[in-house]
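Numbering-wise, UniProt numbering puts 114 at position 114 of the first sequence, and it's gapless, one number per residue. One structure is given here, and the rest of the page talks about it.
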Amino acid sequence: MHNPSPRATGPTPGTSQPVDDRGYVALVRAQASVLHLDLDAFFAAVEQRDKPSLRGKPVVVGGVGGRGVVATASYEARQYGVRSAMSTREARSRCPHAAFLGGRFPAYREASAAVMGLLRSVSPLVEPLSLDEAFVDLARADLPDLELTTVTAFAEELRQRVHEVTHGLTASVGLGTSKFIAKVASELDKPDGLTVVPPGTERDLLRPMAVSVIPGVGPATDERLRRAGLRTVADLEAVDLDELVRLVGKAHGSGLWHLARALDDRPVVSEREAKSVSVEGTYETDLTDRRLMEGLLTRQAGEVAARLRKHGLSGRTISIKVRLHDFTTLSRSSTLSSPTDATATIARLARALLADLDTSGGVRLLGVGVSGLADWIQDDLFGESDPGAPADDDLPMIEAPTSRRTTWAPGMDVVHAAMGRGWVWGSGRGVVTVRFETAQTPPGPVRSYPIDDPDLAPWRLPLPEHDA
DNA sequence: TCTGGGGTCCTAGGACCC
DNA sequence: TCTGGGGTCCTAGGACCC
């Protein structure tokens, strides 16, 4: 849990603030200035909005194939027990007369963008959690104050404006002193409702609730806690930190300890950098043909690479995911010495990783991912302390770069600089990865630079196209 | 023919380095 | 007779979220 509070050496005697065993005191806002907004039955609602004949009827959006699952069920379908993540097969048996739709993501993205745009017009601090959910920090909104009456009226108006900009979708909203409380609150009056949790009432609200209201408590943790006799948040509150850590691990235990006391100082964060990009697919029938699997991995590698390039990213770790016929899920990964966004590199590695796996029983899912994405501002990957490295001032000037490119090793496509004095091997668009090696100097460290960094103007290298 | 797809975060063990 | 210890990186798997 994020916790900027000052550190003490041990529990602070005589304070009323709860303190964990390392002496951290968690702070909570004094006002209900965190807003959580959740669009109701989002995908299904968009379908009903766009197709009037579906209004008032059960609609199920999700995978329509033999191995599909439900993404969203309209409230009419929920009356028949259809739920998110249920197999479509089961949903069909529970509600055969529902409309089963595969989903129209461009339409969902458009509606989502309208809502997120509205939220951002209200506060610069908006944190989307998915297409249909976001936190908004009202402490950064243009409000006269953060009194309950003020934020309540504001939230009601916001819900009305969501209805307008989406041409008829409804949203449920929660307001509270933290992300956790706001999120719990938005669940309490669904659909099309607003719940405000007044500061100071959080713990009374939580105590009777099941432990599963706490984000991060899924089926596995729920079961562990249940076996320890912990069913409600009140039960959790009565257990000390050591015991929780013993039960569910360090990070999780500490999180539970704090959240059970409504201690949550996680900030609303508007810009989060992607950490990985992946593509996977489940096939209607299990795959047994290795050549076919290699072909599918190659195609997925191309999709991943295209998405990396589209966002100006590249990454060093290539992973594959393989789900066997019996649902056993395997992953294998390999890390390159420099980042790539090249289809050929990702595909080659993905196929090599598959080669080590026994897939003779059949494969239901294949996937390819890239992680370890380059963060070029902070990342000086290979440090300054490389002894054989030429000093920056000695680095050769490369001004009119790059003509020929040859594959040297996986992940390293060597580009011969036109000036001829150094090696440049590059991968990411918008980034150049350079290793300097001249007649006068031994191979230097690998360095990566953003192409647009003005301080590196001499290195402004138009990279060759990859995988044309 | 039970069990999607795209993510995030955590844990644990081993390698490696100082 | 005793064989450190901490930090970081990498890999594999698992839980969880929407």
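Ideal Cβ positions, reconstructed from N, Cα and C, are used throughout, including at glycine. Please read all numbers here as calculations on a predicted model, not as lab measurements.
DSSP on residue 527, reduced to helix/strand/coil? Nothing can be reported for residue 527: it is not among the residues displayed for the chain, which extend from 1 to 468.
For residue 99, which residues does DSSP report across the bridge? As a first step, residue 99 is located in the first sequence; it is residue number 99 there, counting from the start. Answer is 59, bridged to residue 99.
What are the boundary residues of the alpha helix (DSSP H) that includes residue 346? For the purposes of this step, residue 346 is taken as residue 346 along the first sequence, with counting starting at 1. Segment 343-355, the alpha helix (DSSP H) holding residue 346.
CB contact flag (residue 59, residue 98, <9 Å): Here residue 59 is taken as the residue at index 59 of the first sequence, counted from 1. Here residue 98 is taken as the residue at index 98 of the first sequence, counted from 1. The answer is yes: Cβ separation under 9 Å.
In whole angstroms, what is the alpha-carbon distance linking residue 263 and residue 337? If you number the first sequence from 1, residue 263 lands on position 263. If you number the first sequence from 1, residue 337 lands on position 337. Each residue's Cα considered, the two are about 42 Å apart.
Of all the options 341, 277, 77 and 206, which has the alpha carbon lying nearest to the alpha carbon of residue 96? Along the first sequence, one-based indexing puts residue 96 at 96. When C-alpha distances from residue 96 are compared across 341, 277, 77 and 206, the shortest belongs to 77.
Are the CB atoms of residue 166 and residue 55 within a distance shorter than 9 Å? Walking along the first sequence from the start, residue 55 turns up at place 55. Walking along the first sequence from the start, residue 166 turns up at place 166. Contact flag unset, no.
Around the Cβ of residue 51, are there at least 16 other Cβ atoms within 10 angstroms (buried) or fewer (exposed)? Working through the first sequence from its first residue, we reach residue 51 at position 51. By the 10 Å Cβ count, residue 51 comes out exposed.
Exposed unless 16 or more other CB atoms sit within 10 angstroms - verdict on residue 79: Reading the first sequence from its first residue, position 79 is the one you call residue 79. Residue 79 comes out exposed.
Buried or exposed: residue 296, going by 16 or more other Cβ atoms within 10 Å of its Cβ? Position 296 of the first sequence, counted from the start, is the residue given in the question as residue 296. Classification of residue 296: buried, given that the 10 Å Cβ count is 16 or more.
Kindly list the residues whose CB is nearer than 6 Å to the CB of residue 347, restricted to its own chain and excluding five residues on each side of it in sequence; keep chain order. The residue given as residue 347 occupies position 347 in the first sequence. Cβ neighbours of residue 347 beyond the five flanking positions: 298 and 301.
What's the call for residue 169, buried or exposed, on a 16-neighbour Cβ count within 10 Å? As a working note, residue 169 is residue 169 in the first sequence. Buried.
Kindly identify the DSSP beta-bridge partner or partners of residue 128. Mapped onto the first sequence, residue 128 falls at position 128. Bridge partners of residue 128: 134.
CB-CB under 6 Å to residue 131, same chain, minus the five flanking residues each way: which ones, in chain order? The residue labelled residue 131 in the question sits at position 131 within the first sequence. So the qualifying residues of the chain are 108 and 112.
May I ask which residues mark the beginning and end of the alpha helix (DSSP H) holding residue 477? This structure cannot speak to residue 477, because the chain is shown only from 1 to 468.
Would you kindly work out how many angstroms separate the C-alpha atoms of residue 271 and residue 124, rounded to a whole number? For the purposes of this step, residue 271 is identified with residue 271 of the first sequence, where counting begins at 1. For the purposes of this step, residue 124 is identified with residue 124 of the first sequence, where counting begins at 1. Taking the straight line from one Cα to the other gives about 10 Å.
The region 282-293 touching the region 302-311, judged by at least three CB pairs closer than 8 Å: At 8 Å Cβ cutoff, the stretches do not touch.
Measuring only the C-alpha atoms, how far is residue 110 from residue 104? Within the first sequence, residue 110 is the residue found at index 110, counting from 1. Within the first sequence, residue 104 is the residue found at index 104, counting from 1. Rounded to whole angstroms, residue 110 to residue 104 spans 10 Å at the Cα level.
Within 10 Å of its beta-carbon, does residue 339 have 16 or more other beta-carbons around it, so buried, or fewer, so exposed? As a working mapping, residue 339 is identified with position 339 in the first sequence. The residue in question, residue 339, is buried, as its Cβ has 16 or more Cβ neighbours within 10 Å.
Whole-Å CB distance - residue 65 paired with residue 284, under 8 Å assumed: The residue given as residue 65 occupies position 65 in the first sequence. The residue given as residue 284 occupies position 284 in the first sequence. Right, their Cβ atoms sit about 6 Å apart.
Taking 8 Å as the threshold, find out whether the region 310-318 comes into contact with the region 356-366 through three or more Cβ pairs. no
Using CA coordinates, which residue listed in 35, 75 and 30 is at the minimum distance from residue 482? Absent from the structure is residue 482, since the part of the chain shown begins at 1 and ends at 468.
Shortest alpha-carbon distance to residue 82 belongs to which of 41, 192, 259 and 217? Numbered from 1 along the first sequence, position 82 holds the residue referred to as residue 82. Measuring from the Cα of residue 82, the nearest candidate turns out to be 41.
Assuming residue 357 and residue 330 form a contact by the criterion Cβ under 8 Å, report the distance between their Cβ atoms to the nearest whole angstrom. Reading the first sequence from its first residue, position 357 is the one you call residue 357. Reading the first sequence from its first residue, position 330 is the one you call residue 330. Indeed they touch by this definition, with Cβ atoms about 6 Å apart.
Could you compute how far the alpha carbon of residue 221 sits from the alpha carbon of residue 209? Against the first sequence, residue 221 aligns to sequence position 221. Against the first sequence, residue 209 aligns to sequence position 209. Distance between the alpha carbons of residue 221 and residue 209 is about 16 Å.
Please specify which runs of the beta strand (DSSP E), each continuous and at least 3 residues long, are wholly inside the region 179-258, giving them in chain order. Taking only runs of at least 3 residues, the beta strand (DSSP E) segments lying wholly in the region 179-258 are 194-196.
Suppose you measure from the CA of residue 252 to the CA of residue 245; what does that come to, to the nearest Å? As a working note, residue 252 is residue 252 in the first sequence. As a working note, residue 245 is residue 245 in the first sequence. Roughly 7 Å between the two C-alpha positions.
Residue 45 to residue 61 span [Cα, whole Å]: In the first sequence, the residue the question calls residue 45 occupies position 45. In the first sequence, the residue the question calls residue 61 occupies position 61. Between the C-alpha atoms of residue 45 and residue 61 there is a straight-line separation of about 10 Å.
Proximity winner among 333, 349 and 325, relative to residue 359 (alpha-carbon distances): Numbered from 1 along the first sequence, position 359 holds the residue referred to as residue 359. With distances taken between Cα atoms, residue 359 lies closest to 325.
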